[in-house]
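S.K.:
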Amino acid sequence: MPHFLTLIVVAFIVVGLLAMVLRPVTPKAPFVDKDQDGEPDEPNGPARDL
């Protein structure tokens, strides 16, 4: 029984590592971030005049 639990834990770790490796690293469409706050700029937001 302990080997079964070890197998489950190892499977979760492997699936988690695969999910981190295979996920897209860059956003699908690059966004404009004029005020450099880490979020896309809204058309009527605070960075509209920058």
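First residue of the sequence shown: 1, per the working numbering; consecutive thereafter.
Cβ atoms here follow ideal geometry from the backbone N, Cα and C, with glycine treated the same way.
1. Rounded to whole angstroms, what is the Cα-Cα separation between proline 43 and alanine 29?
2. Compute the distance between the beta-carbons of aspartate 33 and proline 24, then report whether it is under 8 Å.
3. Helix, strand or coil: how does DSSP classify glycine 38 here?
M.R.: For this structure:
1. 17 Å
2. At a Cβ-Cβ threshold of 8 Å, aspartate 33 and proline 24 do not count as neighbours.
3. If DSSP states are grouped into helix, strand and coil, glycine 38 belongs with coil.
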